[in-house]
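**Q** Okay, handing you the structure first.
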Amino acid sequence: MITPADRVVERILMDKYHDHRSARHSDIICNHFILDLLQQCPSLADDIENSRVQYQLNVEVSGLTHKVDLMIYEVDGSDDAPTLDRARLCMENKSVITAHGKNRRNRQSDLSDFANLLQARKPEAIVLGHVLVGTGIQYVNIPDSVKRKCQILGVDFERDVLPRLSSGDQKLWSEFGAKPNSEDAAFKTIEMMRSLPVKEKGFTHELGFDYLLIEPVFVDNINPPRVERENVFGINIDSQYQEMLMRTCRAYTSRWHTLVG
Numbered sequence: 557m558i559t560p561a562d563r564v565v566e567r568i569l570m571d572k573y574h575d576h577r578s579a580r581h582s583d584i585i586c587n588h589f590i591l592d593l594l595q596q597c598p599s600l601a602d603d604i605e606n607s608r609v610q611y612q613l614n615v616e617v618s619g620l621t622h623k624v625d626l627m628i629y630e631v632d633g634s635d636d637a638p639t640l641d642r643a644r645l646c647m648e649n650k651s652v653i654t655a656h657g658k659n660r661r662n663r664q665s666d667l668s669d670f671a672n673l674l675q676a677r678k679p680e681a682i683v684l685g686h687v688l689v690g691t692g693i694q695y696v697n698i699p700d701s702v703k704r705k706c707q708i709l710g711v712d713f714e715r716d717v718l719p720r721l722s723s724g725d726q727k728l729w730s731e732f733g734a735k736p737n738s739e740d741a742a743f744k745t746i747e748m749m750r751s752l753p754v755k756e757k758g759f760t761h762e763l764g765f766d767y768l769l770i771e772p773v774f775v776d777n778i779n780p781p782r783v784e785r786e787n788v789f790g791i792n793i794d795s796q797y798q799e800m801l802m803r804t805c806r807a808y809t810s811r812w813h814t815l816v817g
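Written out as C-alpha cells, the structure reads:
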C-alpha cells in the first residue's frame, strides 16, 4: 500500500532534496493519512459529512511551543475554532534524518510533551505519532550548507546544483562535503522512539500514544530517496500503517461516534 513516507519520498524527488527546515513534509503526511482514514473509517466520514467534526492542519494551542500537526475536533455551528477541549484526534509528525545524535533526543522530547499535554487536557482524545527515521550514514545538508556555500562562491544553486541532487551524482560529496551519521544512528533513534509509551488498546486512562508509526527512509540528498521496506529494524511498514488506520478507526468509533448517534 502507499504510506505517508511514500508521499514524502515523492515530494523529495519532485523538489530534488529534503528540506528539514520546511513543514511541508508534515503537511503531506497529514493529508495522506486523513484521506486514508476517511476511506477506511465510516464513522469519521459520517461525522465529517454531517458537520459534527472538522479537521485542520497546523493548529496553534496553548501549552505547546509548536503547532499540532493534525487535529480532528468537534464543531457546534457557533464557534468552529479548533481547541484541545474540542479535540477528538491529534497527530504529531517528527523526522530524524540529519544529525541523529542531537535531533533524536529533541524529537523524542517533543513527542513526549505532546502526549503529556493531550493526556492532561483531553485524555479521551486519540493521540497519534508518526516518525520518519533516516537510514543514510551520511548526507548533504542543503538548506544550511549547500545554499550558503553557493552564495559565498557565487554559484547558481537553481541552475548548477539543484538538477544534480537526488540523482546519484557522487561528485557532490566532494564539492559540498558530507555530514556523517554513525553506522548505528538509525538503530539508536528507533530504539529511543520505541521507548515512548503506547497505550494498551482502548485504555484512555493510560499515558501515551494510541499508535506510534515509525517509517525508515533513505535520504541523503545525493542518491535517489526511498522508503526502506526491506529493513533490519523489524518494521513492516505496510502492515503497521494498515494497523494504525484500523486501530484509529476502532478507537474513534468506540469513543466518539456512539456519542452522537
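Start counting the sequence shown at 557; every next residue gets the next number (our numbering).
Even for Gly, the Cβ is constructed at its ideal location relative to N, Cα and C.
Determine the extent of the beta strand (DSSP E) in which GLY685 is found, giving its start and end residues.
**A** Walking along the sequence shown from the start, residue 685 turns up at place 129. From DSSP, the beta strand (DSSP E) with GLY685 extends over 682-690.
**Q** What's the call for PRO679, buried or exposed, on a 16-neighbour Cβ count within 10 Å?
**A** Mapped onto the sequence shown, residue 679 falls at position 123. PRO679 should be labelled exposed.
**Q** Using the DSSP secondary-structure output, state which residues sit across from CYS646 in a beta bridge.
**A** Mapped onto the sequence shown, residue 646 falls at position 90. MET627 and VAL683.
**Q** Contact defined as beta carbons within less than 8 Å: I believe GLN694 pairs with ALA734. What is the distance between those atoms, to the nearest angstrom?
**A** Within the sequence shown, residue 694 is the residue found at index 138, counting from 1. Within the sequence shown, residue 734 is the residue found at index 178, counting from 1. Contact flag correct, Cβ pair sits at about 4 Å.
**Q** Across which residues does DSSP place VAL773 in a beta bridge pair?
**A** On the sequence shown, position 217 is the one that residue 773 refers to. DSSP lists GLY690 and VAL783 as partners of VAL773.
**Q** Take the Cβ of GLN675 as the centre, count every other Cβ of all protein chains shown within 10 Å, and call the residue buried at 16 or more, exposed below.
**A** Translated into positions along the sequence shown, residue 675 becomes position 119. Buried, since its Cβ has 16 or more Cβ neighbours within 10 Å.
**Q** Start and end of the alpha helix (DSSP H) containing LEU674?
**A** In the sequence shown, the residue the question calls residue 674 occupies position 118. Residues 656-677.
**Q** Using C-beta distances below 8 Å, list every residue in its chain close to ILE584, excluding the 5 sequence neighbours before and after it, in chain order.
**A** As a working mapping, residue 584 is identified with position 28 in the sequence shown. So the list reads PRO560, ARG563, VAL564 and ARG567, once near-sequence residues are dropped.
**Q** Terminal residues of the continuous beta strand (DSSP E) containing LEU593?
**A** Numbered from its first residue, the sequence shown carries residue 593 at position 37. Premise fails: LEU593 lies in the alpha helix (DSSP H), 580-596, not in any beta strand (DSSP E).
**Q** Does DSSP put PRO638 in a helix, in a strand, or in coil?
**A** Within the sequence shown, numbered from 1, the residue matching residue 638 stands at position 82. Looking at PRO638 - three-state DSSP - the assignment turns out to be coil, as it is neither helix nor strand.
**Q** Going by C-alpha to C-alpha distance, which of PRO719, ALA681 and PRO753 sits closest to GLU630?
**A** Taking the sequence shown and counting its residues from 1, the one referred to as residue 630 is at position 74. That would be ALA681, whose Cα lies nearest to the Cα of GLU630.
**Q** Evaluate contact between the region 685-700 and the region 767-774, counting only Cβ atoms and requiring at least three cross-stretch pairs below 8 Å.
**A** The answer is yes - the region 767-774 touches the region 685-700, with three or more Cβ pairs under 8 Å.
**Q** Name the two residues that bound the continuous alpha helix (DSSP H) containing TYR797.
**A** Start at 1 with the first residue of the sequence shown, and residue 797 comes out as number 241. Unbroken alpha helix (DSSP H) run through TYR797: 793-808.
**Q** Span of the alpha helix (DSSP H) holding VAL565?
**A** Against the sequence shown, residue 565 aligns to sequence position 9. Per DSSP, VAL565 belongs to the alpha helix (DSSP H) from 560-571.
**Q** Given a cut-off of 7 Å on the beta-carbon distance, is the pair LEU768 and VAL754 in contact?
**A** Position 212 of the sequence shown, counted from the first residue, corresponds to residue 768. Position 198 of the sequence shown, counted from the first residue, corresponds to residue 754. Yes, these two residues count as a Cβ contact at 7 Å.
**Q** Taking the alpha carbon of LEU673 as the reference point, which residue from CYS706, GLN596 and LEU620 has its own alpha carbon closest?
**A** Numbered from its first residue, the sequence shown carries residue 673 at position 117. Cα-wise, what sits closest to LEU673 is LEU620.
**Q** Would you kindly work out how many angstroms separate the C-alpha atoms of SER701 and PHE732, rounded to a whole number?
**A** Within the sequence shown, numbered from 1, the residue matching residue 701 stands at position 145. Within the sequence shown, numbered from 1, the residue matching residue 732 stands at position 176. Using only the alpha carbons, I get a separation of about 8 Å.
**Q** Rounded to the nearest angstrom, what separates ARG661 and ARG644 at their Cα positions?
**A** Here residue 661 refers to the residue found at position 105 when the sequence shown is read from its first residue. Here residue 644 refers to the residue found at position 88 when the sequence shown is read from its first residue. Their backbone Cα atoms lie some 28 Å apart in a straight line.
**Q** Need the endpoints of the alpha helix (DSSP H) that LEU728 sits in, please.
**A** Looking up residue 728 in the sequence shown gives position 172. From DSSP, the alpha helix (DSSP H) with LEU728 extends over 727-732.
**Q** Does DSSP classify SER651 as helix, strand or coil?
**A** As a first step, residue 651 must be located in the sequence shown, where it is residue number 95. If DSSP states are grouped into helix, strand and coil, SER651 belongs with the strands.
**Q** Determine the extent of the beta strand (DSSP E) in which LEU613 is found, giving its start and end residues.
**A** Start at 1 with the first residue of the sequence shown, and residue 613 comes out as number 57. Taken as a continuous stretch (DSSP letters only), the beta strand (DSSP E) holding LEU613 covers 609-615.
**Q** Looking at TYR611 and ILE698, is the spacing between their C-beta atoms short of 7 Å?
**A** Against the sequence shown, residue 698 aligns to sequence position 142. Against the sequence shown, residue 611 aligns to sequence position 55. Result no, Cβ atoms of ILE698 and TYR611 do not sit closer than 7 Å.
**Q** Closest by CA to THR639, which one among ASP632, THR654, GLU616 and LYS658?
**A** Residue mapping note: residue 639 aligns to position 83 of the sequence shown, counting from 1. Nearest of ASP632, THR654, GLU616 and LYS658 to THR639, Cα basis: GLU616.
**Q** Starting from the Cα of GLY633, find the closest Cα among LEU626, ARG642 and MET627 and give me that residue.
**A** Here residue 633 is taken as the residue at index 77 of the sequence shown, counted from 1. Nearest of LEU626, ARG642 and MET627 to GLY633, Cα basis: ARG642.
**Q** Less than 7 Å separating the beta-carbons of ASP625 and ASN587?
**A** On the sequence shown, position 69 is the one that residue 625 refers to. On the sequence shown, position 31 is the one that residue 587 refers to. Going by C-beta atoms, ASP625 is not nearer than 7 Å to ASN587.
**Q** In this structure, how does DSSP classify LYS735 when only helix, strand and coil are distinguished?
**A** Locating residue 735 in the sequence shown gives position 179, counting from the first residue. The answer is strand: DSSP assigns LYS735 an E or B state.
**Q** In the structure shown, what three-state DSSP assignment does PHE765 receive?
**A** On the sequence shown, position 209 is the one that residue 765 refers to. Reduced to three states, the DSSP call for PHE765 is strand.
**Q** Classify CYS805 as buried or exposed, calling it buried when 16 or more other Cβ atoms lie within 10 Å of its own Cβ.
**A** Along the sequence shown, read from residue 1 onward, the residue named residue 805 stands at position 249. That one is buried.
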